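What follows is a set of notes on a single structure, which appears directly below.
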Amino acid sequence: VAYLNDIRGFPDAAFYPQLAKSSAKLVVMHSVQDGQADRREA
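Just add 8 to the spot in the sequence shown (first one is 1) and you have my numbering.
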């Protein structure tokens with residue numbers, strides 16, 4: 009795996025040791041919305 013993307017921002021600290029050992033690049037995002045995303049037309 010080259011990249012890991014987590015829209016919750018990797019909130020589970022239990023995974024941090026494994027992530028630190030991994031060669032994968034992390035894409036850390038943050039979603040302020042809970043539940044399913046809404047689709048909105050512009």
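In this text, a Cβ means the ideal position worked out from N, Cα and C, and glycines have one as well. Computed from a predicted model, the values in this text were never measured in an experiment.
- Between PRO25 and ALA45, the alpha-carbon positions lie close to 30 Å from each other.
- Beta-bridge analysis with DSSP links VAL36 to ASP14.
- In the displayed model, GLN26 falls within a helix according to three-state DSSP.
- Look at ALA21 here: in three-state DSSP terms it is helix.
- As the crow flies, the alpha-carbon of GLU49 is around 19 Å from that of VAL40.
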